[in-house]
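Line by line, the protein sequences give chains A and B. The opening residue of the first sequence carries number 1149 in the working numbering; numbering runs sequentially from there. The opening residue of the second sequence carries number 1149 in the working numbering; numbering runs sequentially from there. Notes follow once the structure below has been shown.
2 protein chains.
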Amino acid sequence: MDKLIEKIVRLQNPTALGLDTCIEYIPQQLKEKFGEECSTLESAANAIYKYNCLLIDALADIIPCVKVQVAYYEMYGSHGMESFHKTIVYAQAKGMYAIADIKRNDIGATAAAYANAYLGSTMLKDETLKVFNCDSVTINGYLGTDGIKPFTDLCKSLNKSAFILVKTSNPSSGELQDQTLSDGRKVFELMGDMVAQWGSEQIGSFGYSNIGAVVGATYPEQGEQLRNRLKSVFFLIPGYGAQGAGGKDLVGSFDKDGLGGIVNASRSILCAYKKYSLPAAESARAEAIAMKEDIVNSLKQAKKWDF
Amino acid sequence: MDKLIEKIVRLQNPTALGLDTCIEYIPQQLKEKFGEECSTLESAANAIYKYNCLLIDALADIIPCVKVQVAYYEMYGSHGMESFHKTIVYAQAKGMYAIADIKRNDIGATAAAYANAYLGSTMLKDETLKVFNCDSVTINGYLGTDGIKPFTDLCKSLNKSAFILVKTSNPSSGELQDQTLSDGRKVFELMGDMVAQWGSEQIGSFGYSNIGAVVGATYPEQGEQLRNRLKSVFFLIPGYGAQGAGGKDLVGSFDKDGLGGIVNASRSILCAYKKYSLPAAESARAEAIAMKEDIVNSLKQAKKWDF
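This is the structure:
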């Protein structure tokens, strides 16, 4: 996690650009400029990649990280996966940390296949080849340790990271996650405790493990509670912007130094041109700066800003 | 779920061919025959598709269903996803029901993207296009109803099905799933009850809903308990063969008529040539017949065979 935190500190900005890009989000005049009619899966996937590049170019000097939501690429089949991969490569080339938001989960042997695909490498005839080669992934811990271990092992050996779903940002997340167990813990607290355990041997120089947690900004009380409970677990925090959370909802998820989490926003940046009377790149930049200021000011007001 | 059950009844065989195909499973002489050296991701993905076709040709008249584990295709990048798609198309063309084992999960808008990719269709400029167009998917319910609804809605409108993880087959599945809640239920029972609820408006002519559950064969007691608890929920049952479960472990997961579940085997069929001194296709057929007989005989001995 050190690599991500170093980028956050350097840019003084604990936010991630969420590339949940679908073709309806791309302004018509840009589709024309890209030469992509979006009438085939391949053309749509190309338009998405080109829009991602435009946003990355506009934001790489102020935002440390992209979170690429793979669902929006699988929608366009194998062409979409090609655009997903090219987006990861492009973001990394521009110095951004690349989180693949895949929420994968399976039994051990299959989890290893996913871990190899997104973090590690695939064995071919005479060599191993990196496939998507992301810096980080999101995963789902419903299957327990043996579905997680292939990811945590690769995080350790390759110095990468993973974020495990603990308390998700969606309205119905409590149906399972907020259930109380017989020992008094909530399900999300048990999951949080397992995440801390899974990452306990990979604590970096900022005091945070390579194995982080997804904790939705839309549940600020649980965020604060989990921050106090899981001292060494870094949070990936979705739900800002279009999902409804603002800077003040995030403060509890950060530690006393203003570290401990990275906040993702997707639609509010992807579609910022609808709010500002500016082209997409400038609009995205204006929205990204407003988001950074909102979060940083909220942290400063809470006396949680020391970098 | 009717479509799947009709195929099971017609072939008198409640089993699925698990296509968790990786290149190490393909005999060297077949790779040569296919003209695929497997030294690039594209060649490896092609070899996997050709091996899948060989197995489908050998088994489509005796096995009603394929379960294609997408992790083993993502390992080969966008080429792998192309082979995944072609495998689905080929199996369906041979009359097999095609389950995409994807275990996807996310917040509502993103779950809709996954549901469109694997069950529905993607909006392009002037039309919608089916992408992977599978008959069924597996999904993970950790996020609750709004992450599930895009899938259940498409199952209803398109007459497709989904299987939600309830009690998985892996050794550590109990770490979360077997936890006891304050109301006395186990987590997997709560999840099972939610699955029954999610599918309660889609009960077909055999009494089973389009919304099924994944229940591992490696936990026979829980399988029997869930069968008694979830009368209208059809089970996808992994864990047979290489994972250790045999016919007798499955009986409790079936209803009194021998319906209620479909048993998947992957490695034991994909690698059957290592056990039989026969070519891959004949070996797979011999193993598939042995598996069918083991399961059917176990059901008959338990007086659970009425079709």
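The beta carbon of each residue, even a glycine, is placed where N, CA and C say it ideally should be.
Task: Collapsed DSSP secondary structure at K1198/A in the structure displayed - done: K1198/A falls in the helix class under three-state DSSP.
Open item on the list: Between Q1350/A and chain B, is any beta-carbon pair separated by less than 8 Å?
Closed with: No, its Cβ sits nowhere closer than 8 Å to a Cβ of chain B.
- [ ] Output yes or no for whether 8 Å exceeds the beta carbon distance between F1336/A and K1315/A.
- [x] Closer than 8 Å, so yes.
Task: Min CB distance Q1176/A to chain B below 8 Å - done: It does not: the Cβ of Q1176/A has no partner Cβ on chain B nearer than 8 Å.
Open item on the list: Please classify R1252/A as buried or exposed, where buried requires at least 16 other C-beta atoms within 10 Å of its C-beta.
Closed with: It is buried - the Cβ of R1252/A has at least 16 other Cβ atoms within 10 Å.
Open item on the list: Against chain A, does T1169/B count as a neighbour if the rule is that its beta carbon must be under 8 Å from one of theirs?
Closed with: Under the Cβ criterion of 8 Å, T1169/B is not counted among the residues facing chain A.
Open item on the list: Determine, for T1235/A, whether the minimum Cβ-Cβ distance to residues of chain B falls below 8 Å.
Closed with: No, T1235/A lies away from the interface with chain B (no Cβ there is under 8 Å from its Cβ).
Task: Spatially closest choice to L1267/B from E1323/B, A1257/B, K1278/B, A1393/B, by CA coordinates - done: That would be K1278/B, whose Cα lies nearest to the Cα of L1267/B.
Open item on the list: Less than 8 Å between the C-beta atoms of I1351/B and P1162/B, yes or no?
Closed with: P1162/B sits away from I1351/B, with the two beta carbons spaced by 8 Å or more.
- [ ] Assign G1295/B to buried or exposed, taking buried as 16 or more other Cβ atoms, counted over all protein chains shown, within 10 Å of its Cβ.
- [x] Buried, because 16 or more other Cβ atoms sit within 10 Å of the Cβ of G1295/B.
Task: Beta-carbon proximity check, L1374/B vs I1385/B, cutoff 8 Å - done: 8 Å or more divides the Cβ of L1374/B from the Cβ of I1385/B.
Task: C1201/B to T1188/B span [Cα, whole Å] - done: Taking the straight line joining both Cα atoms gives about 20 Å.
Open item on the list: For chain B, check one thing: does any of its Cβ atoms lie closer than 8 Å to the Cβ of I1312/A?
Closed with: No, I1312/A does not count as interfacial toward chain B.
TODO: Run down chain B in chain order and give the residues with a C-beta less than 9 Å from the C-beta of M1439/A.
DONE: Under the 9 Å cutoff, chain B gives no residues; its nearest Cβ is about 19 Å from M1439/A.
TODO: Decide yes or no for the touch test of the region 1390-1408 of chain B against the region 1425-1435 of chain B: beta carbon pairs closer than 8 Å, at least 3 of them.
DONE: Three or more Cβ pairs closer than 8 Å define a contact, and the region 1390-1408 of chain B falls short of that threshold against the region 1425-1435 of chain B.
Task: 6 Å Cβ shell around M1149/B - same chain, five flanking residues per side excluded - done: S1309, G1352, Y1356, N1358, F1382.
- [ ] With DSSP collapsed to three states, give me the class of C1186/B.
- [x] Of the three classes helix, strand and coil, the one that applies to C1186/B here is coil, per DSSP.
- [ ] Out of N1445/A, E1430/A, V1444/A, state which residue places its alpha-carbon closest to the alpha-carbon of A1208/A.
- [x] For the residues N1445/A, E1430/A, V1444/A, the minimum Cα distance to A1208/A belongs to E1430/A.
- [ ] Output the distance between the C-alpha atoms of L1272/B and Y1221/A, rounded to the nearest integer angstrom.
- [x] Near 13 Å, if we compare the C-alpha coordinates of Y1221/A and L1272/B.
Task: chain A contacts from the region 1294-1312 of chain B (Cβ-Cβ distance under 7 Å) - done: Those would be D1294, G1295, in chain order.
TODO: Could you have a look at A1113/A and say whether DSSP puts it in helix, strand or coil?
DONE: Residue 1113/A falls outside the range modelled here, since chain A spans only 1149 to 1455, and no answer is possible.
TODO: Identify, in the order they occur along the chain, each residue of the same chain with its Cβ nearer than 7 Å to the Cβ of L1329/A, setting aside the five sequence neighbours on each side.
DONE: If the five residues before and after L1329/A are omitted, its C-beta is found closer than 7 Å to the C-beta atoms of V1335, L1338, all from its own chain and listed in chain order.
Open item on the list: Taking the alpha carbon of E1184/A as the reference point, which residue from A1195/A, I1174/A, V1285/A has its own alpha carbon closest?
Closed with: When only C-alpha atoms are compared, the closest one is A1195/A.
TODO: Compare the C-beta of D1283/B with all C-beta atoms of chain A and state if any pair is closer than 8 Å.
DONE: Not closer than 8 Å to any Cβ of chain A, the Cβ of D1283/B fails to qualify, so no.
Task: 8 Å Cβ cutoff met for T1235/A and L1165/A - done: No, Cβ-Cβ distance for T1235/A and L1165/A is not below 8 Å.
- [ ] Using a Cβ cut-off of 8 Å (strictly closer), state whether D1341/A contacts chain B.
- [x] For D1341/A, the answer is no, since every Cβ of chain B falls outside 8 Å of its Cβ.
TODO: Find out if the Cβ-Cβ distance for the pair S1284/B, Y1245/B is shorter than 8 Å.
DONE: Cβ atoms of S1284/B and Y1245/B: closer than 8 Å.
Task: K1278/A - containing beta strand (DSSP E), residue span - done: Going by DSSP, K1278/A is part of the beta strand (DSSP E) stretching over 1276-1278.
Task: Alpha-carbon spacing of L1178/B relative to I1417/B, whole angstroms - done: The alpha-carbon atoms of L1178/B and I1417/B are separated by roughly 16 Å.
Task: Close Cβ partners of I1255/B (< 8 Å) along its chain, the five nearest in sequence each way excluded - done: When the five nearest sequence neighbours on each side are left out, the beta carbons in the same chain lying within less than 8 Å of the beta carbon of I1255/B are those of L1291, D1294, G1295, in order along the chain.
Open item on the list: Along the chain, where does the alpha helix (DSSP H) containing V1335/B start, and where does it finish?
Closed with: It spans 1335-1346 - the alpha helix (DSSP H) in which V1335/B sits, taken as one unbroken run.
Task: Under 9 Å (Cβ pairs) to chain B, residues found in the region 1265-1292 of chain A - done: Contacts with chain B (Cβ-Cβ distance below 9 Å) from the region 1265-1292 of chain A involve A1265, Y1266, T1270, M1271, L1272, K1273, D1274, E1275, L1277, V1279, F1280, N1288, G1289, Y1290, L1291, G1292, listed in chain order.
Open item on the list: Tell me the residue span of the alpha helix (DSSP H) that contains N1264/B.
Closed with: Start and end: 1256-1266.
Task: Simplified DSSP assignment, three categories, for Q1350/A - done: DSSP places Q1350/A in the coil class of the three-state scheme, outside both helix and strand.
Open item on the list: I'd like to confirm something about I1312/B: is its beta-carbon nearer than 7 Å to some heavy atom of the ligand GDP, or not?
Closed with: As presented, the structure is devoid of all ligands, the ligand GDP included, so that no description of it is given.
Task: Span of the alpha helix (DSSP H) around K1151/A - done: In the DSSP annotation of this structure, the continuous segment of the alpha helix (DSSP H) that includes K1151/A starts and ends at 1150-1159.
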